[in-house]
Ligand code: ATP
Ligand code: MG
Ligand code: MG
Ligand code: MG
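Numbering (the UniProt record's numbering), first residue to last: 1 to 436.
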């Protein structure tokens, strides 16, 4: 994209309404614009990040054979009356009446809808397990929307749902999903740690919240720092073998990790002192086994092996895709601006032309830009070098490719790594090798 003809409206001043750094940076870099309380428009730069995260989430869901669907944002109140949650959900649910006086709602989550869809098609235990997910907008009328997209009212979520014949099978699905989430967050480039979460009246220990370490987080967290040394992408796990999955899960749960709600001082003392990490964190995802809660309430069953009626065991699995954008910035920035992890950066690199009037510079920039117009941002604006450098640091491209009259005579350009500030001189031919 050429910066001179793009819609990337950066702000010079810090916006007064933003209390935390990620919100400030998202507004300053023109990623989003608030349209009303807790409701945001995603502008080109922000949308690119949202899409990059969604792509990785989708790939890792597909890798465990979850199947993507897309359900409507508007749901019928009748569906929620069947589960008993229409009244129970309370004021966070946005209720809507259509012209025929029918009660609708903007979905805050989709357990009811997916259970209904499942029940209409799946009739036999032989068709189990089923694992379905979508990436779709949700609405929760949060009492205090704040911190920009981190606690919005309208927000983008990956929500997945599983149906298994019994508890044992549901546990296998839970393990699979745990692996998928660890891989997803590792690929995105953030440290999100699964922490035991409250399961409410269902009990058991099959719920985890995935938490990113950040001082502005809403929960206090305690974890074994060795957890963050694990490489989940390279760990050999056979997702079709429940023993292999169970071994992985056991290995994972060896590391202590808990939010303040679940913190256990006795267990904590067993972690070697040098590995005890305490801090605050942001919830970016949650996985949950809840058994037959909805299939029973909504009277959804399959015919079992002995021709008996069985309510499938369910789980649900969320990732806050739009919250992640803010949470990642919260944990990855410095005084100059955002530092994007490579995998989700809006652009791989920005080309900064320091010699607007120099034909050789211009030619070199154009040639480089043509190598990957989709992933390179070309700062071809007629601006001072200082302005271009500041904007590049602010937006946080992983790489800056700096092309000036002095180097270009020797076929040399400078590349700067945003994360470390490290600079290198490389030949034009080598540039793409570094940044891709
Ligand atoms: P929170 O505790 O922050 O209110 P939650 O536990 O109510 O979140 P879940 O029902 O577990 O949220 O939804 C799955 C994911 O959706 C959360 O882990 C979070 O990342 C995201 N999410 C929830 N509420 C919001 C919101 N208001 N704005 C942005 N993302 C949200
Ligand atoms: Mg909530
Ligand atoms: Mg929560
Ligand atoms: Mg939650």
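Beta carbons: idealized from backbone N, C-alpha and C, even for Gly.
Note that the coordinates shown come from a computational prediction; the quantities given were computed from them, not determined experimentally.
Exercise for the section: Check whether the Cβ atoms of residue 139 and residue 107 sit closer than 9 angstroms, and answer yes or no. Expected result: yes
Check: Is residue 232 helix, strand or coil when you go by DSSP?
Finding: coil
Distance cut-off 8 angstroms: residue 92 Cβ against heavy atoms of ligand 4: no
Q.
Tell me whether residue 286, by its Cβ, gets closer than 8 angstroms to a heavy atom of ligand 4.
A. yes
| query | Short check: CB of residue 70 to CB of residue 134, under 9 angstroms? | reply | yes
Point to revise | Extent of the continuous alpha helix (DSSP H) to which residue 18 belongs | key: From DSSP, residue 18 is part of no alpha helix (DSSP H); its letter is neither H nor E.
Compare the C-alpha of residue 332 against each of 392, 396, 358 and name the closest. 396
What residue range does the beta strand (DSSP E) around residue 439 cover? It is not possible to answer for residue 439, since the shown part of the chain is limited to 1 through 436.
- Could you spell out where the beta strand (DSSP E) holding residue 162 opens and where it closes? 154-164
Alpha-carbon spacing of residue 323 relative to residue 346, whole angstroms: 16 angstroms
- prompt: Which term fits residue 433, buried or exposed, when burial requires 16 or more other beta carbons within 10 angstroms of its beta carbon?
  reply: exposed
What's the call for residue 167, buried or exposed, on a 16-neighbour Cβ count within 10 Å? exposed
Beta carbon of residue 150, beta carbon of residue 326: below 9 angstroms?
yes
_Would you say the beta carbon of residue 283 is closer than 8 angstroms to some non-hydrogen atom of ligand 3?_
yes
**Item:** Reduced DSSP secondary structure (H/G/I, E/B, other) of residue 369
**Value:** helix
> Going along the chain, which residues of its own chain have a beta-carbon closer than 6 angstroms to the beta-carbon of residue 131, five neighbours each way excluded?
Replying inline: 66, 162
Quiz item: What is the rounded straight-line gap between the Cα of residue 208 and the Cα of residue 171?
Solution: 13 angstroms
* **Integer Cβ distance of residue 341 from residue 188, believed to fall under 8 angstroms** => 7 angstroms
Review point. Using the C-alpha atoms, what's the distance from residue 350 back to residue 376?
Key: 6 angstroms
According to DSSP, is residue 119 part of a helix, a strand, or is it coil?
helix
inquiry  = residue 223 and residue 195 - do their beta-carbons sit closer together than 9 angstroms?
reply    = yes
What residue ranges within the segment 59-112 form continuous alpha helix (DSSP H) runs of no fewer than 4 residues, ordered along the chain?
-> 77-83, 85-88
| message | Taking 9 angstroms as the threshold (C-beta atoms), are residue 280 and residue 268 in contact? | response | no
Checklist entry - How would you write the range of the alpha helix (DSSP H) that residue 331 sits in, first residue to last? => result 321-331
message: Looking only at its chain, what residues have a beta carbon closer than 7 angstroms to the beta carbon of residue 173, apart from the 5 residues adjacent to it on each side?
response: 129, 131, 162, 164, 315
Return the CA-CA distance between residue 336 and residue 391, expressed in angstroms with no decimal places. 9 angstroms
Please look up how many angstroms separate the CB atoms of residue 64 and residue 180, rounded, as I've assumed it's under 8 angstroms. 5 angstroms
- request: Please report the residue range of the beta strand (DSSP E) in which residue 379 lies.
  value: 376-379
Practice prompt. Per DSSP, which residues does residue 318 bridge with? Please list them.
Written response: 159, 286
#### Entry: Pair within 9 angstroms by beta-carbon distance, residue 77 and residue 103
yes
- Query: What do you get for residue 406, buried or exposed, if any count of 16 or more other CB atoms within 10 angstroms of its CB means buried?
  - Reply: exposed
* **Residue closest to residue 43, alpha-carbon to alpha-carbon, out of 403, 10, 309** => 10
Review point. Does the count of Cβ pairs from the segment 285-292 and the segment 305-315 closer than 8 angstroms reach three?
Key: yes
Check your understanding: Apart from the five residues just before and just after residue 344, which ones in its own chain have a Cβ nearer than 6 angstroms to its Cβ?
Key -> 49, 52, 53, 188
Practice item. Go ahead and label residue 436 buried or exposed: buried means 16 or more other beta carbons lie within 10 angstroms of its beta carbon, across all protein chains shown. Key: exposed
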